[in-house]
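Report on the structure given below.
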Amino acid sequence: MSNEWPHLLAYLHEDFNYHVRSGPTTLGYELFYTDLS
C-alpha cells in the first residue's frame, strides 16, 4: 500500500491480526475494508 493506514486500522491489523485492505476512492474518500472474523 502506498499510503499509510489510519491509526485505528493499523492498530487492528498489528495487534489483533485483522485483515485490512484498501478499496477504491469514492467521492474523494479512501475506503478500507476490515475482516473482523
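Residues in the sequence shown are numbered from 4 upward in steps of one, following the numbering used here.
From the three backbone atoms N, C-alpha and C, an ideal C-beta is built for every residue, glycine too.
Everything numeric in this text was worked out from a predicted model, so none of it was measured.
How many Å lie between Leu15 and Gly31 at the Cα? 24 Å
Report all residues from its chain with a CB closer than 8 Å to the CB of Phe35; omit the five preceding and five following residues, and keep chain order. Excluding residues within five positions, the ones whose Cβ falls inside 8 Å are Trp8, Pro9, Leu12, Val23, Arg24, Ser25 and Gly26.
By how many angstroms is the C-alpha of Tyr21 removed from the C-alpha of Ser40? 8 Å
State the start and end residues of the unbroken beta strand (DSSP E) segment that holds Leu15. Segment His10 to Phe19 is the alpha helix (DSSP H) holding Leu15; no beta strand (DSSP E) there.
How would you write the range of the beta strand (DSSP E) that Glu33 sits in, first residue to last? Glu33 -> beta strand (DSSP E) spans Tyr32 to Asp38.
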